[in-house]
Amino acid sequence: MPATLLIVEDNVQVRSDLSMVLEGDAYAIVEARDGKEALSLLEERSFDLMILDLDLPRVPGMEVLRHTVTHRTALPVVILSGKGTIRLAVEATQLGAYDFLEKPLDGQRLLVTVRNALEKCRLQRQRDRLMEDASRHYRMVGASPALREVFRLIDRAAAVRSRVLITGESGTGKELVARAIHYHSGLAVFVDVNCAAIPETLIEDTLFGHKKGAFTNAAADRPGKFELAHDGTLFLDEIGEMTLATQAKVLRALSENLVERVGDSHPIPVNARIIAATNKDIEREVREGNFREDLYYRLNVITTPLSPLRERREDIPDLTAYFLHEFAADMKRPQFALDPGAMSLLMGHDWPGNIRQLRNVIERLVVLEDGPVIAAQDVACLLKKPLPEYLSSPHADLRAAREQFEREYIHRTLIAHLWKIQDTAAALGIERTHLWKKMKRYGIREA
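Mapped onto our numbering, the consecutive letters of the sequence shown carry residue numbers 49 to 495.
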């Protein structure tokens, strides 16, 4: 969708000339003849950039600018200045305008200024989103040893520009880790490519771009993801899905820091920090000839393996509490709690879809439940698992049911903490000696 530009200029000829130059560069143009009309348009609709003459009838250009920088802070403004308004133009840039151009206008400089302003605005929006995501969605929850090791690797990777290979099953949070590394590295732009979602016929064009006329419908030059990620981060997700032919071209780009657009033999320098991820056993893929060994070594400078959720069950209560709070707040619902039986079922589930599946289950529970306590029956229904007899039988003796639940809960907590007595006791809120007595009483021992 083309960017929409608002041109505010009282001179009909200048307005027409501006529109002609900019429409030739595929922008959508809206015109305003004076400051009052400009203010009305700014109230009615959104624009990507405004070109503003300072010498306007009805409402002066500086007043329009002051309104814009106050109420439309993200809108870049390019000032047009005549001979008598240079001082005002300088004042306008100090007030917040992106740049100013002197009349008579040079068409090429106008285009370059507009492109640069739009690109700066795009990068700023992305940066703002990253900051927001870092505070909300990029927070990784848990305190397991496996996750603490991931935090350590994120800090180490963010401090350098070495390439990173993130491995782990689907749903373990590989993109989350990639974005965390990028965010903490301070780089401006994050460009992601899902290699599994792009057809082989389009992957080269996606990564490297194309030259105008390279193929049917190639109506203009288009940069690829490598170019778009220049001086930023390029995240190659599911890189194990690439064909050997594409791998060879990616290897060249990484080796030489150069890319060639489809249909063009002119090399373009690129300087992107590469983070790759895969849910495959990439070393086995190398042994079986499905993945280039030289590319593997290029990518595998810092390895960040992510454990499946079933191997860090101790994080499930923290993740569950986080997701319950997040969804209840988003849906403006009261906060929920899980009864012990419900948490026991969550702790005991193997979660083939990992954190993504857990998040989905919690979201559905918040949507469907009346609250405030989510029962074991509700969780069992969503997981499509039968309730344990001690939770489902209406004829069960209360003491026997409680003891059966306690045995199951202690057993699952021990598994979650890899049978470490001190950690398990702390999680249960009891002394080590008390835990040993319970284990002896219920006949719980490591298999």
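C-beta atoms are modelled at their ideal positions from N, C-alpha and C, and glycine is treated no differently.
query                                                                                                         : result
Whole-number beta carbon distance between V237 and Q9, since they are thought to touch under 8 Å              : A question about residue 9 goes unanswered here, because the residues of the chain that appear run from 49 up to 495.
Given N164 as reference, the closest of K151, V125, G234, M188 once Cα atoms are compared                     : V125
Proximal residues to L430 (C-beta, below 7 Å), its chain only, five neighbours per side dropped               : V409, R412, L413
Host beta strand (DSSP E) of L195 (start-end)                                                                 : Counting along the chain, L195 falls outside any beta strand (DSSP E), though it belongs to the alpha helix (DSSP H) covering 193 to 206.
Selected residue, minimal CA-CA separation from V298, among L393, F339, C169, L149                            : F339
Nearest-angstrom beta carbon gap, L113 and L143 [assumed within contact, 8 Å]                                 : 6 Å
Touch test, the region 204 to 212 against the region 321 to 340, Cβ-Cβ under 8 Å, three pairs minimum         : yes
Cβ-Cβ separation, L90 to T116 (assumed contact under 8 Å), whole Å                                            : 7 Å
Range of the contiguous alpha helix (DSSP H) that encloses P400                                               : Looking at the DSSP string, P400 is not in any alpha helix (DSSP H), and its letter there is neither H nor E.
Beta-carbon proximity list for G401, same chain, < 8 Å, skipping 5 on both sides                              : S218, G219, N408
Sequence-distant residues of its chain with Cβ nearer than 6 Å to K485 (five each side left out)              : none
Boundaries of the beta strand (DSSP E) in which V69 is found, first to last residue                           : Per DSSP, V69 belongs to no beta strand (DSSP E); it is in the alpha helix (DSSP H), 60 to 71.
Touching by the beta-carbon criterion (3+ pairs, under 8 Å), the region 49 to 68 and the region 92 to 107     : yes
Other residues of its chain near E248: CB distance less than 8 Å, five sequence neighbours each side excluded : T291, T294
8 Å Cβ cutoff met for V310 and H278                                                                           : no
Coarse secondary structure for F256, derived from DSSP in three states                                        : helix
Distance, L66 Cα to Y75 Cα                                                                                    : 11 Å
For L128: DSSP bridge partner residues                                                                        : D101, L149
Alpha carbon of L128 to alpha carbon of P108, nearest angstrom                                                : 13 Å
Buried/exposed call for G221, threshold 16 Cβ in 10 Å                                                         : buried
Assigned exposure category for F263 - 16 Cβ within 10 Å defines buried                                        : exposed
L284 - DSSP class collapsed to helix/strand/coil                                                              : strand
One or two residues paired with L54 in a DSSP bridge                                                          : V78, M98
Closest Cα partner of R358 within the set I463, M68, E223                                                     : I463
Stretch-stretch touch, CB-based, cutoff 8 Å, three pairs: the region 186 to 201 with the region 351 to 366    : yes
With 16 other Cβ atoms within 10 Å as the buried cut-off, status of S88                                       : exposed
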